[in-house]
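In UniProt numbering, the protein residues as written are 1 to 370.
Don't be surprised by glycine CBs; every beta carbon is placed ideally from N, CA and C.
Right under this line is the structure:
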């Protein structure tokens, strides 16, 4: 397909076309998408200003924009026209920030970056920024980017490089990362009595809230429907059982809408009454409150799966539920260990149905079981 043939308004534009840069050539070709997973990393409604449910078209072009940012003056005329049309429809917010280093450099879109970093616990006091300075690239932002990079074990530069952008674009849990960078060393003895040390990455919710009652009940109260073929109850039952096996908790489902349940699980869309609105497909997938609030919410705009092999555009419900129940029990995020269930992000098509040793050590330490 030639670039001239691309219809920016075609309903299937984004789902069928991916722009790829030809090596050693400043020309792009359009081909049927086979690398949609990488493309999804660039789709996060809190960072990309696209308001429609079907945002593929803008994201595809945004990917082209990022890939071309350093050689843009030499781009083929057709590609420049394409990018110009894209920017007129949905101005990219992160592209111009890539490799920004100057302090006090104003740049449209930094405000959205600051909101992201504030939401997830890396930037403090952003609400008190004087009017007109929201887009200032200041020392607070520089420190927040460095803290974010350190937390996720990225190269700590304070520069919004491609690795940092990619991490920010990944779908993730909406609970803030309560960051404590210094790892915890724990002493152990092997079966011969020799001492050894392990490094733990687990975190607790600030204040270490815990349940005193170990026989917890849960119910479902949703404001949005989910597909009939989604085996919601089975997924959550299995996720609760995984935590029960490594703790002294027991979990029992009670009738839908029960007012006496300890934990309330629900599927919702956008604003659903808890002042933490969902953002549609991608972005924030779910969020939960710690003990003893007992609420766990899931974005109904996501494409959920209860199969053991979810599709490339599907989220495994049991994996996400396992993570969110960790928050309900009092665990925070493990930003330094990608293998952990309590890692903040999960990819589409990925399953994480088994607790990592660090997850187990965290919950057992929190409840004095180890």
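Practice problem: Compare the C-alpha of residue 219 against each of 317, 170, 261, 116 and name the closest. | Solution: 261
Quiz item: Is it a yes or a no for the segment 346-353 touching the segment 309-322, going by three-plus beta-carbon pairs under 8 Å?
Solution: yes
Self-check item: Close-in-space but distant-in-sequence residues of the same chain around residue 276 (CB under 7 Å, 5 per side omitted)
Solution: 174, 287
Exercise. Measuring alpha carbon to alpha carbon, tell me which of 258, 257, 282 ends up nearest residue 269.
Key: Minimum Cα-Cα distance from residue 269 among the listed residues 258, 257, 282 corresponds to 282.
Practice problem: Report yes or no: do the segment 321-331 and the segment 301-308 share at least 3 C-beta pairs separated by less than 8 Å? | Solution: no
Quiz item: Who are the Cβ neighbours of residue 364 in its own chain at under 8 Å, not counting the five residues just before and after it?
Solution: Taking C-beta separations shorter than 8 Å and ignoring five residues to either side along the sequence, the partners of residue 364 in its chain run 246, 247, 370, following chain order.
Quiz item: Residues in its own chain within less than 6 Å of residue 271 by CB, not counting five upstream and five downstream?
Solution: 277
Exercise. Grab the span of the beta strand (DSSP E) containing residue 217 for me, first residue to last.
Key: 215-220
Self-check item: residue 223 vs residue 254 beta-carbon contact at 8 Å
Solution: no
Quiz item: Taking the alpha-carbon positions, what's the residue 44 to residue 178 distance?
Solution: Interpretation of residue 44 is limited by its pLDDT of 36, a score under 50 that renders its predicted location unreliable; the figure taken from the coordinates is listed afterwards. Computed Cα separation, rounded: 21 Å.
Quiz item: How far does the beta strand (DSSP E) with residue 205 in it reach, from first residue to last?
Solution: Where residue 205 is concerned, there is no enclosing beta strand (DSSP E), given that its DSSP letter is neither H nor E.
Quiz item: Near residue 242, which residues of its chain fall below 7 Å by C-beta distance, leaving aside the five closest residues on each side in sequence?
Solution: Same-chain partners within the cutoff: 322, 355.
Self-check item: Residues near residue 120 by beta carbon distance below 6 Å, same chain, minus five either side
Solution: The residues are 176, 177.
Practice problem: Counting only the same chain and skipping the five closest in sequence on each side, list residues whose C-beta sits under 6 Å from that of residue 318. | Solution: 235, 238, 239, 353
Quiz prompt | Own chain partners of residue 331 with C-beta closer than 8 Å, once the 5 adjacent residues on each side are dropped | solution = 202, 203, 204, 205, 342, 359, 362, 363, 366
Quiz item: The alpha helix (DSSP H) spanning residue 302 covers which residue range?
Solution: Neither: residue 302 is in no alpha helix (DSSP H) and is coded neither H nor E.
Self-check item: Closest residue to residue 138 among 150, 308, 110 (Cα-Cα distance)
Solution: 110
Quiz item: Considering only C-alpha positions, which residue in the set 115, 113, 152 is nearest to residue 339?
Solution: 152
Self-check item: Separation of residue 299 from residue 285, as counted between CA atoms
Solution: 5 Å
Quiz item: For residue 272, which three-state DSSP category applies?
Solution: coil
Exercise. Tell me whether the beta-carbon of residue 156 lies closer than 8 Å to the beta-carbon of residue 146.
Key: yes
Quiz item: Out of curiosity, what's the CA-to-CA distance linking residue 257 and residue 172?
Solution: Distance between the alpha carbons of residue 257 and residue 172: 27 Å.
Quiz item: Can you name the start and end residues of the alpha helix (DSSP H) that residue 323 belongs to?
Solution: 317-329
Self-check item: Inter-residue Cα distance where the pair is residue 368 and residue 112
Solution: 41 Å
Practice problem: Enumerate in chain order the residues of its own chain whose CB-to-CB distance from residue 144 is below 7 Å, with the five nearest sequence positions on each side excluded. | Solution: Answer for residue 144: 117, 122, 123, listed in chain order.
Quiz item: DSSP beta-bridge partners for residue 266?
Solution: 297
Practice problem: List the residues that DSSP assigns as beta-bridge partners of residue 253. | Solution: 218
Practice problem: Look at the Cβ atom of residue 264, then the Cβ atom of residue 295, and state whether they are nearer than 8 Å. | Solution: yes
Quiz item: Hey, how far is the Cα of residue 24 from the Cα of residue 293?
Solution: Residue placement at residue 24 cannot be trusted, given a pLDDT of 32 that sits under 50; what the coordinates show is reported in the next sentence. Each residue's Cα considered, the two are about 56 Å apart.
Quiz item: Out of 148, 297, 214, 141, which has the shortest C-alpha to C-alpha gap to residue 226?
Solution: 297
Self-check item: Counted within 10 angstroms of its Cβ, other Cβ atoms place residue 215 as buried (16 or more) or exposed
Solution: exposed
Quiz prompt | Buried or exposed (CB count within 10 angstroms, at least 16 for buried), residue 334 | solution = buried
Practice problem: Return the chain-ordered list of same chain residues with a C-beta closer than 6 Å to the C-beta of residue 163, the five sequence neighbours on each side being excluded. | Solution: In its chain, beyond the 5 residues on either side, 154 have a beta carbon closer than 6 Å to the beta carbon of residue 163.
Quiz item: Which of helix, strand or coil does DSSP assign to residue 239?
Solution: Correct three-state label for residue 239: helix.
Self-check item: Through-space distance from residue 207 to residue 233, alpha-carbon basis
Solution: 31 Å
Quiz prompt | Backbone CA spacing between residue 274 and residue 266 [nearest angstrom] | solution = 12 Å
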